[in-house]
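**Student:**
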DNA sequence: TTACTATATTGCTATACTGCGATATAGTCA
DNA sequence: TGACTATATCGCAGTATAGCAATATAGTAA
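Residue numbers (my numbering), protein chains in the order written: chain A, 94 to 216; chain B, 94 to 216.
(1) By Cβ distance below 7 Å, which residues in the same chain neighbour residue 139 of chain A in space, the five residues on each side in sequence not counted?
(2) Going by DSSP, which residues form a beta bridge with residue 181 of chain B?
(3) First and last residue of the alpha helix (DSSP H) that includes residue 139 of chain A?
(4) Counting only the same chain and skipping the five closest in sequence on each side, list residues whose C-beta sits under 6 Å from that of residue 198 of chain B.
(5) Which term fits residue 207 of chain A, buried or exposed, when burial requires 16 or more other beta carbons within 10 angstroms of its beta carbon?
(6) Just the Cα atoms here: how many angstroms apart are residue 172 of chain B and residue 126 of chain A?
(7) Below 7 Å between beta carbons is the criterion; list the residues of the region 185-197 of chain B that meet it against any residue of chain A, in chain order.
(8) Go to residue 170 of chain B, then tell me how far its alpha helix (DSSP H) extends in each direction, as first and last residue.
(9) Which chain B residues sit within Cβ distance under 7 Å of residue 127 of chain A?
(10) Does DSSP classify residue 222 of chain A as helix, strand or coil?
(11) Looking only at C-alpha atoms, which of B:148, B:158 and B:144 sits nearest to residue 179 of chain B?
(12) Within 8 Å (strictly less), CB to CB, does residue 213 of chain B reach chain A?
(13) Would you mind sorting residue 128 of chain B into buried or exposed? The rule is 16 or more other CB atoms within 10 Å of its CB.
(14) Excluding five sequence neighbours on each side, which residues of the same chain lie with their C-beta closer than 8 Å to the C-beta of residue 132 of chain A?
(15) Buried or exposed: residue 176 of chain B, going by 16 or more other Cβ atoms within 10 Å of its Cβ?
(16) With a cut-off of 8 Å on the beta carbons, I'd call residue 159 of chain B and residue 148 of chain B a contact; round off their distance for me.
(17) Between residue 163 of chain A and residue 130 of chain A, what straight-line distance do the alpha-carbon atoms span, to the nearest angstrom?
(18) Could you run through the region 125-158 of chain B and flag, in chain order, every residue whose CB is less than 9 Å away from some CB of chain A?
(19) Please check the pair residue 116 of chain B and residue 200 of chain A, which I expect to be a contact at CB under 8 Å, by giving their CB distance rounded to whole angstroms.
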């Protein structure tokens with residue numbers, strides 16, 4: 094996830110080829126989702142809102158790391174933060190991410206199946 | 094995109110919480126898609142197969158960089174390579190990626206709209 | 001073979017990121 | 001106020017990556 098590279102091509106004419114700025118936004122979202130620890134946190138949060146401490150327990154990640162990744166997820170607009178007394182409660186804000194993951198899972202699974210089939214054919 | 098971290102949790106019982114290995118595979122795919130230059134190449138290839146030289150022209154990236162990114166995209170199983178005489182022709186193999194990008198675009202656009210609306214309310 | 005074109009790879013620098021321990025900050029309770 | 005808990009941030013070491021120029025490789029044509 095590189096946040097520079099703000100170039101621009103002078104394309105107009107609607108949307109099909111996606112403007113450079115959009116492209117960059119898409120790349121950034123993918124970048125946020127490209128880290129195992131963050132996906133793990135999202136997956137845990139899918140079951141419902143949790144505090145940082147609870148996330149630390151369930152994820153088995155260090156507190157500092159969980160806090161940092163939560164900050165990144167929040168900056169990306171993927172999760173929400175709510176202060177509850179002493180604690181911070183995080184929750185999913187963009188359920189879209191789960192659709193993305195499912196799509197990828199199907200794609201990856203299909204690919205793996207195809208590769209296996211190809212191997213079987215060549216064996 | 095970190096390719097290590099091959100841990101495993103002993104979950105069974107179907108699919109909902111996604112196994113660690115799957116999670117890692119998803120993260121890797123997202124990692125490949127998290128670079129502007131690669132998305133740009135994919136977008137250009139969406140119109141049809143092209144040689145490296147043509148991609149260099151249309152993308153305005155350097156040849157070495159295009160070649161490197163093509164290699165990464167191919168390793169990820171997203172594009173295919175075919176040798177045609179002197180040249181290498183690359184084509185999309187996993188159209189899934191465009192679904193992903195569209196989903197993200199919609200999500201990002203919606204988010205932007207919501208943010209703008211929120212700003213308007215608070216102004 | 002040589003000259004030429006197209007693509008891939010290597011070595012490099014700069015940058016960015018993760019995960020860590022230590023520490024700072026914020027909120028609660030007495 | 002002080003002691004305590006929960007969360008955020010800082011500084012660091014290690015690692016990964018992009019993009020570049022230069023070079024190597026492969027294929028074509030003479």
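Heads up, the beta-carbon is just placed ideally off N, CA and C, and yes, glycines get one too.
**Tutor:** So, from the data block:
(1) By the criterion of a C-beta distance shorter than 7 Å, residue 139 of chain A is surrounded in its chain by 185 and 191, once the five residues flanking it on both sides are discounted.
(2) Paired residue(s): B:176.
(3) Where residue 139 of chain A is concerned, there is no enclosing alpha helix (DSSP H), given that its DSSP letter is neither H nor E.
(4) none
(5) Classification for residue 207 of chain A: exposed.
(6) 21 Å
(7) 187, 189, 192, 193, 194, 196 and 197
(8) Here residue 170 of chain B belongs to no alpha helix (DSSP H), and DSSP marks it neither H nor E.
(9) 94, 120, 123, 124 and 127
(10) No statement about residue 222 of chain A is possible, as the shown extent of chain A runs from 94 to 216 and does not include it.
(11) B:144
(12) no
(13) buried
(14) 126 and 194
(15) exposed
(16) 5 Å
(17) Spanning the two alpha carbons is a distance of roughly 10 Å.
(18) 125, 126, 127, 128, 129, 130, 131, 132, 133, 136, 137, 139, 140 and 153
(19) Not really, about 15 Å apart at Cβ, beyond 8 Å.
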